[in-house]
Structure formats: C-alpha cells, structure tokens
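Asks: If you read the sequence shown in our numbering, its first letter stands for residue 29, the second for the next number, and so on.
Even for Gly, the Cβ is constructed at its ideal location relative to N, Cα and C.
I'd like to ask you about the structure that follows.
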Amino acid sequence: ENQTGISAKDDDQQQEQTTIAEMAVEENKDTSSITLPSLAIAISVASTLVTAGSFLTRTILPVGTSSLPLISTLTVLAATAFPKFFSRLSETGTALGVIFVQMFFACSGAAGSIRMVFEQAPALFAFSALQIGVHFGTLMAIGRGILRLPNRELYLASNANVGGPTTAAAMAQAKEWKRLVLPALLIGILGYATATALALSLGPLLLRLPLLRR
Numbered sequence: 029e030n031q032t033g034i035s036a037k038d039d040d041q042q043q044e045q046t047t048i049a050e051m052a053v054e055e056n057k058d059t060s061s062i063t064l065p066s067l068a069i070a071i072s073v074a075s076t077l078v079t080a081g082s083f084l085t086r087t088i089l090p091v092g093t094s095s096l097p098l099i100s101t102l103t104v105l106a107a108t109a110f111p112k113f114f115s116r117l118s119e120t121g122t123a124l125g126v127i128f129v130q131m132f133f134a135c136s137g138a139a140g141s142i143r144m145v146f147e148q149a150p151a152l153f154a155f156s157a158l159q160i161g162v163h164f165g166t167l168m169a170i171g172r173g174i175l176r177l178p179n180r181e182l183y184l185a186s187n188a189n190v191g192g193p194t195t196a197a198a199m200a201q202a203k204e205w206k207r208l209v210l211p212a213l214l215i216g217i218l219g220y221a222t223a224t225a226l227a228l229s230l231g232p233l234l235l236r237l238p239l240l241r242r
C-alpha cells in the first residue's frame, strides 16, 4: 500500500510538473516580440530604405519626381528577398507603422476642414465620392456577385484600396479577423508599390488634355 501511495504521489508530481511546463511554453508563445533591439533594427531598416529610395529617385529619375514609388518598391523587394529577417520584425514594424501613420493622420486632419472643402472645392469632393462609390460597387458586383468571395475579404480589399495598408490592417484587427491582418497589409503595400507609380505617371498625361488646360 505504501508503494502504491508513493507511486500515485509521484504520478501527481509528474503531471503537475508537465502542466507547469506546458503553461510556461504557452506564456513564451504569447510573449511580445517587441523589444528595444527590435525597435532599433526596425527604425534603422526603415531609414535605410527611405534614404536609398530618395537617393535613387534623385539620381535616375527626372527632377520633381516623388520618391514614394521607389521607396515602396525597394521595401517590397527587400521583404521578398529576406522574408525570415523581415518576419521577425513584422510585429515591431507594424506597431511603429501604426503609431507614425496615426500621427500623420492626426496632423493632416487637424489642418483640414470639411466645410472649407465644400466651400472651395465642392467638385473635388463630388469626384472623390463618385470614385469611391464606383470602386465599391464594382468590387462587390464582381467579387461577391461573380467570384463569390467572402464579404470580409472584399471589405478589407476596399479599405486597402481607399485608405491603404494601415487602415485595412486596423480594420482586420478591430473585427478580430486575425488571419487577414497580414494579407490586408500586403495588399495595401502592393497598391503603394504599383498604383502610386502609375498615378504619378498618369497625372502629366491628364494635364495635357485640352479640357484640363483651360
């Protein structure tokens, strides 16, 4: 009986130790990867990409060209070439990006006025509203009516198109669509890397139209 009692006690101790070890593993899994070194590395990498994109823009492109397309392209190429390195910085980079972009939105919004837009540029407001309306209607008609894609993915695609990767990722996080946060970021960045360059090249062509030169 004593041996049976000792054996049962040993089994209980082993189970307790196993449970504690499993809890420790779970805690380590939930630990944030944002540390002081990761913050420093993320800021350094971002600064390097911005500096390189700005330098290449001044060197190889015409004077007055925005550096944003090249910076976006370099960022996408770097993340594609070194996925493991950038995956370790994804949480830190996302946190920094959200903070700085929200600061930018706050500064831009503080200097803006909807009343002034209606008074001085009502046509611009109407044009923007028409753009978004046509975009969303076409997206839902093709995505939902023809391709039968889930609504949540279409909403995030629309958000990434209109607001960019930050607002799309924030929407996915707020709705607790956790597996869609990274795709929302990537599709928004893809839009920056491709559509920005197309839009900047399309602008001078539109300005040559007789209707716009009056």
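Excluding the 5 residues preceding and the 5 following T195 in the sequence, name in chain order all residues of the same chain whose CB lies nearer than 6 Å to its CB.
Replies: The residues are N187.
Asks: Going straight from the alpha carbon of S82 to that of L218, what length do you get?
Replies: Taking the straight line from one Cα to the other gives about 19 Å.
Asks: Could you tell me whether the Cβ atoms of I99 and V73 are closer together than 8 Å?
Replies: Their beta carbons are not under 8 Å apart, which means I99 does not touch V73 by this criterion.
Asks: Is it true that the CB of A212 sits closer than 8 Å to the CB of P193?
Replies: Result yes, Cβ atoms of P193 and A212 sit closer than 8 Å.
Asks: From which residue to which residue does the alpha helix (DSSP H) around K203 run?
Replies: Where K203 is concerned, there is no enclosing alpha helix (DSSP H), given that its DSSP letter is neither H nor E.
Asks: Keeping to the same chain, check which residues put their C-beta closer than 7 Å to that of V209; ignore five residues upstream and five downstream.
Replies: Hits under 7 Å: A197, A200, Q201.
Asks: Grouping DSSP H, G and I as helix and E and B as strand, with all else coil, what is P65?
Replies: It is helical.
Asks: Going by C-alpha distance, which of R86, F164, H163, S60 is nearest T122?
Replies: Comparing Cα-Cα distances from T122 to each of R86, F164, H163, S60, the minimum goes to S60.
Asks: How is the alpha helix (DSSP H) around S186 delimited, first residue to last?
Replies: S186 -> alpha helix (DSSP H) spans 179-190.
Asks: Evaluate I160 with the Cβ neighbour count: other Cβ atoms within 10 Å of its Cβ, from every protein chain shown; 16 or more gives buried, anything less gives exposed.
Replies: Result: exposed.
Asks: Would you identify the three-state DSSP class for S156, choosing helix, strand or coil?
Replies: Reduced to three states, the DSSP call for S156 is helix.
Asks: Taking just the CA atoms, how far does T224 sit from I142?
Replies: Distance between the alpha carbons of I142 and T224 is about 25 Å.
Asks: Is it buried or exposed for I215, if we count other Cβ within 10 angstroms and need 16 for buried?
Replies: Label assigned to I215: buried.
Asks: Do L102 and A80 have their CB atoms nearer than 8 Å?
Replies: It is a contact, given that the beta carbons lie within the stated cut-off.
Asks: According to DSSP, is L105 helix, strand or coil?
Replies: The answer is helix: DSSP assigns L105 an H, G or I state.
Asks: For P90, name the three-state secondary structure that DSSP assigns.
Replies: Coil, per DSSP.
Asks: Using only alpha-carbon positions, find the residue among H163, K206, F155 that is nearest to R180.
Replies: When only C-alpha atoms are compared, the closest one is K206.
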